[in-house]
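Structure first, then comments.
In the working numbering, the protein residues as written are -12 to 412.
Structure below.
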């Protein structure tokens, strides 16, 4: 926690890079593979804290994951929806996908399962998911009755039925239920109440499920109908590079007035965060889409007003770019990011002010007006995205120091090495 790293200004970049595999896709594919009917190999998979805690937890459930770090592959042998262990105490660190996906998954088993994590994890909401699981016939409780982890699931299989799930806190609640539902004893109907935040992540979940051979019907509402007793089909699966991680390199191009190509992504990516490039286009960058690459070239930047509800994992990245724009940038409809690894709106407001910006913070928004930028020591709040997004500011402003750079191990252990390597590509 006492470590720091100072970012050196780079001048305009001219570089290409392939980020590691998508954390969001890797953890979804791990769940589907673990529920499948035999061996699956995930190629291009991410090896980071979030995926490691998922893999370790699956191993405790009797579904071991073999990792080949050098080859970037994960090998899983599924048991047709069966969970071999009849008890487990699972540590999920501060991984939202892990706790929410596994809470739904272990409901399919027979036995008692407990899920717990870091102090921050014990502040992250999960009550709506537990309510939905109980409506589907499972015994799932917040151990402290706080509506947050630790979670205890006394599982006896998932009967099925109808449940309503709130959509305004986290799309991960719905994703976890969707992935578990095909293995329920009977059909499952999931009705979303209120606004569904981060809709592209639900589309990603459905796409991964389809790749593993299960079907979901969606009706207006939205309402999702999932036939029970389905079997996930095992097999090979390729994981795309992480689009959220790519946003930092696109931002580097915008901030330095340079050109950066990210390999392995396209406009047709499963990941909604590629739409971050369109935000940069609105700000004045040039964006070129290839079949297997996206290139961003920086230009004179202007402030914009943008609803980032669907791509909220890139809010911090856009906030960093906004420091270099002409005029204010308003980011709104992102109240749910207060429930992430940290309260991201509050943390961003604090750190952007340190750098010289004028920031107005609302319940679901930030208005960022550039000022006289200068170096600062940036606190990262044990939040990988705070560290990576604000590091890009240091490519154009001397004296930017990032505290606790190791927090990027959550999703991108080699981030600072790759950022420094952009200079020599």
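Beta carbons are placed, not taken as given, at the ideal position from N, Cα and C, and that holds for glycine. Given the structure is predicted, the values throughout are model-derived calculations rather than measurements.
Nearest C-alpha to residue 71 among 91, 97 and 172: 97. Between residue 140 and residue 168, the C-beta gap is not smaller than 8 Å, which leaves the two residues out of contact. Counting C-beta pairs with one atom in each stretch, the region 126 to 134 and the region 152 to 165 have fewer than three that are closer than 8 Å, which means they do not touch. Apart from the 5 residues on each side of it in sequence, residue 76 sits with its Cβ closer than 6 Å to the Cβ of 101 in its chain, given in chain order.
Cβ atoms of residue 251 and residue 410 stay farther apart than 8 Å, at about 21 Å. In the pairwise beta carbon analysis, the region 58 to 67 is classified as not touching the region 259 to 267: fewer than three pairs are separated by under 8 Å. The region 85 to 132 contains, as complete alpha helix (DSSP H) runs of 4+ residues, the segments 114 to 122 (chain order). DSSP places residue 404 within a helical segment (H, G or I) once states are collapsed to three. Secondary structure at residue 218: coil, using DSSP grouped into helix, strand and coil. Restricting attention to 318, 292, 314 and 289, the CA atom closest to the CA of residue 303 is found in 318.
In the three-state reduction of the DSSP assignment, residue 344 falls in the coil class. When C-beta atoms of the region 366 to 378 are compared with those of the region 327 to 339, three or more pairs fall below 8 Å, so the two segments count as touching.
Here the C-alpha atom of residue 28 lies approximately 22 Å from the C-alpha atom of residue 400. For residue 223, the enclosing beta strand (DSSP E) starts and ends at 223 to 225.
Taken atom to atom, the span from the alpha-carbon of residue 384 to that of residue 362 is near 6 Å. Taking the Cα positions, residue 267 is about 16 Å away from residue 296.
Between residue 242 and residue 308, the C-beta spacing is below 8 Å. Three or more beta-carbon pairs separated by less than 8 Å link the region 37 to 45 to the region 11 to 19, which places the two stretches in contact. Secondary structure within the region 160 to 200: the alpha helix (DSSP H) runs of 4 or more consecutive residues, fully enclosed, are 186 to 198 (chain order). Nearest Cα to residue 137 within the set 44, 108 and 143: 108. In the DSSP annotation of this structure, the continuous segment of the beta strand (DSSP E) that includes residue 63 starts and ends at 60 to 64. Annotation for residue 236: no beta strand (DSSP E) segment contains it, though the alpha helix (DSSP H) segment containing it runs 230 to 243.
Residues 271 of the same chain have their beta carbon placed closer than 6 Å to that of residue 287, with the five preceding and five following residues left out of the count. Look at the beta carbons and you see the region -12 to 7 touching the region 227 to 242: at least three pairs across the two are nearer than 8 Å. In this structure, the CA atom of residue 206 is about 51 Å from the CA atom of residue -11. Less than 8 Å divides the Cβ of residue 52 from the Cβ of residue 17.
Runs of beta strand (DSSP E) with 3 or more residues, each lying fully within the region 255 to 292, are found at 273 to 276 and 280 to 284, listed in chain order. The C-beta distance from residue 352 to residue 346 rounds to 11 Å, too long to meet the 8 Å contact threshold. By the Cβ neighbour-count rule, residue 387 is buried, with 16 or more other Cβ atoms within 10 Å of its own. Taking C-beta atoms as the reference points, residue 154 and residue 179 count as a pair closer than 8 Å. By the neighbour-count criterion, in which 16 or more other beta carbons inside 10 Å mark a residue as buried, residue 248 falls on the buried side. Looking at the DSSP output, residue 149 shares a beta bridge with 176. Each of 184, 114 and 273 was checked against the Cα of residue 300, and the nearest Cα belongs to 184. Residue 157 and residue 149 have their C-alpha atoms some 19 Å from each other. Residue nearest to residue 350 within the set 338, 329, 375 and 321 is 321 (criterion: CA-CA distance).
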